[in-house]
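Numbering (my numbering), first residue to last: 35 to 621. Where is the CB? At the ideal position from N, CA and C, for every residue including glycine. Read the structure below first, then the notes.
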C-alpha cells in the first residue's frame, strides 16, 4: 500500500481530539460517506466536475470578484471546469440567501463579535430559512450539539465550549474563511473632533462628536446605492451593515466596541433571576411619529422577528435578519408599560445578544404581517409585506429620524430631539448635529476626493484595499485615517444541498486549494489577516491560530500556484478520481 500524500487527511488524522470523533461519525449520516463516493465514481455516467462561482461585480465589491477569479484559476488547476457569475448585490443576496440557487459563492460574511452568531449560521434547524441563517444548507448533528453547548455555557465554561465548536467546524469546513480585512475610513478633523477608530463602524461612531457652533450637518459619503433605495431593517437583500439602521432604530442595549460589553440604551437596566431576564425601560420613550414606545412594542418585536406572519400562516415566516438573537427568547411576559420578562434556556452571555435587536413600532409593523401581494405575480409562501416593503419613510426611535431620500443620490436624516440621549440625566453619547446628509458615490477614489475637498466629513463604508497605500502615504491636511479590524470576513461558501459539496472530504480538499496568505497580499495589498476560523482574534483558540499557513487545511502549492500533482493526489485520497487532468463526478 502506498503512503498517503503529505498533509492529507489520512496522514494527519480526522480527529484532533477524541471528543471530536463524533463529528466524523455524524458526517457519514448527514453529509454522505466516502463509500458512496467511491461507489459513485466507479460507475458509468460521470463527467468533469463543472461548477459556478457566484459573486458581485467590481463596482460592488472589488475584492470579492478578485478572490473569485483567483479561486477559479486554482480550481481549474485541480481539474474542474469553472465559470464565474456576477450579480448585482441585491440579486446576489436574493440568489444565495433566499433562493439558495448556487454551487459556491464568494462574499463578505457579516460575522459577529460574539461567536454565538455561528449558531444561526450553521445549525441544521435553519437549513431552509432565508438570510444568513445557514445559507449553506449544512446539516451535521454532532456540530449542532457543539453549537448548542457553547450557547448554553456559562462564562467559566464558554471558552472551552467555543474552542470545541471551532475545531469541529475546521474539521467539517462548511465554508472556507479566507481573511478578515482591516477597515480604513477617512474623517475630517477641522469640523469634527472625537472620532474613535473602533466606534466608527457602529452608531456610537456618529454620536458624541465635538463640533463648532456653526456646524449643523454631518456629511457622510456612502459607496452603496442600495441605502437610498430601501430602508427596511429586515431586508437581507439591501442591508450589509447596520450603521444607518442603528441611527434610525434603537435597541435595548448597545455593545461598546472597546471592550465588547453590553450597556443599557433604551433599557434603564436589567437583572437575571435563574433563566429569566427582567428588563426595565427608560421612562417616557417615544417613536419618531410621537407614539409611545412601551414594553408591548419590545415584546411585539421579538415575536415578529420570530414569525412575520404572527402565527397567521401554516408555516412561520421568520425575519431573515436578527433571527438568531430573537430565537434565543423562549418566552415573553409584559409586566407593565416599562417592564417585561424574557425567558431563556441558554447561557447568559449568548442570551444577552437578544438585547441588540432594533425595536420596531407595533402600530407600523403589525399591518405588514399580511401576505405580500404584487399584481400579476405569484408570491412565495411566507412572503409577508414586512419582508418586501422598502420602509420609506422609516419610523423608529433612534437618535436620528428620516427626512428625505433621492434614489441613487442621497439620504438625509434629522436629529430626533426627543431621543433619550438628549436628556440631561442620561449619560450616553448623543447626536450633536442637527442633521446627517449621506451622499451616494460608488467608488472609494471619488469618496476620498469628496473628503479631501471638504465636500464630505467621513467615508461611511471602508475604503477598498487597493487605495489604502496611496492614502496612507499622503493623508490630506485636516483629515485623519480611522483604522479598525472588521468583524466581517471574506469566505467561500458551499451549497451543501448539492453533491459533491455535501461531502466534507471534498470541501476540505477544496479548502486546501485556497492560498489565504497569498490572497491577502495579492488582493488586499496586505491590509487583511488570513483566517483559519471565522471569529475575532480574542476567541481564536491556539489550535487554530495562523502560523504561516492554515493549521487545518494547509495550501497545496506555493505563492498562489496549485501543485496539480498534490491536488490530484488529495482528491483521489478523498475518494474521487480523474480522467487525465479532469476531476470526475457523477452526472
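Boundaries of the beta strand (DSSP E) around residue 304: 301 to 307.
Annotation for residue 377: the continuous beta strand (DSSP E) segment containing it runs 373 to 377. Residue 506 is classed as exposed because its beta carbon has fewer than 16 other beta carbons within 10 Å across all chains shown. Per the coordinates, the alpha-carbon of residue 435 lies some 27 Å from the alpha-carbon of residue 145. Residue 605 has its alpha-carbon roughly 55 Å from the corresponding atom of residue 303. In the three-state reduction of the DSSP assignment, residue 212 falls in the strand class. Within the model, the alpha-carbon separation for residue 610 versus residue 154 is close to 32 Å. Between residue 608 and residue 531, the beta carbon gap of about 20 Å keeps them out of contact (Cβ cut-off 8 Å). By DSSP's assignment, residue 154 forms no beta bridge with any residue. Counting only residues of its own chain and dropping the five nearest sequence neighbours on each side, residue 402 has a CB closer than 8 Å to the CB of 342, 418, 419, 420, 423. Of the candidates 101, 283, 396, 396 places its Cα closest to the Cα of residue 337. Cα atoms of residue 570 and residue 523: separation of roughly 10 Å, rounded to the nearest angstrom. Nearest in C-alpha terms to residue 317, of all of 100, 327, 143, is 327. Separation of residue 593 and residue 86 (C-alpha to C-alpha, rounded to the nearest whole angstrom) is 24 Å.
Judged by beta-carbon spacing, residue 235 lies beyond the 9 Å limit of residue 149, meaning their Cβ atoms are not closer than that value. If the five residues before and after residue 490 are omitted, its C-beta is found closer than 6 Å to the C-beta atoms of 253, 255, 484, all from its own chain and listed in chain order.
Around the C-beta of residue 438, fewer than 16 other C-beta atoms lie within 10 Å, and the residue is accordingly described as exposed. Remark: C-beta atoms of residue 474 and residue 261 approach each other more closely than 9 Å. Scanning 206, 580, 493 for the CA closest to the CA of residue 218 turns up 493.
Taking one beta carbon from each stretch, the region 227 to 244 and the region 509 to 520 have 3 or more pairs nearer than 8 Å; the two touch.
Comparing alpha carbon positions, the residue from 500, 547, 92, 574 closest to residue 215 is 500. Comparing alpha-carbon positions, the option among 313, 247, 274 lying closest to residue 366 turns out to be 313. The straight-line gap separating the alpha-carbon atoms of residue 274 and residue 613 is approximately 42 Å.
One thing to note: residue 105 has its Cβ no nearer than 9 Å to the Cβ of residue 617.
Apart from the 5 residues on each side of it in sequence, residue 239 sits with its Cβ closer than 7 Å to the Cβ of 230, 233 in its chain, given in chain order. Residue burial is scored here from C-beta neighbours: residue 163 has at least 16 other C-beta atoms within 10 angstroms and is therefore classed as buried.
Ranking 537, 113, 576, 202 by CA distance to the CA of residue 84 puts 113 first. By the CB criterion at 9 Å, residue 210 and residue 545 fall inside the cutoff. Within the region 445 to 512, complete alpha helix (DSSP H) segments of at least 4 residues are found at 478 to 486, 499 to 507, given in chain order.
Beta-bridge partners of residue 440 (DSSP): 444. Non-local beta-carbon contacts of residue 285 in its own chain, meaning distances under 7 Å to residues more than five positions away in sequence, involve 299, 300, 389, 390, 391, 392, 393 in chain order.
Around the beta carbon of residue 502, 16 or more other beta carbons lie within 10 angstroms, which makes this residue buried.
In this model, residue 371 and residue 520 are separated by some 38 Å (Cα to Cα). When the alpha-carbon of residue 487 is set against those of 498, 497, 268, 511, the nearest one is in 511. Scanning its chain for C-beta atoms nearer than 7 Å, with the 5 sequence neighbours on each side dropped, one finds around residue 92 the residues 99, in chain order. Cβ atoms of residue 557 and residue 564 stay farther apart than 8 Å, at about 11 Å.
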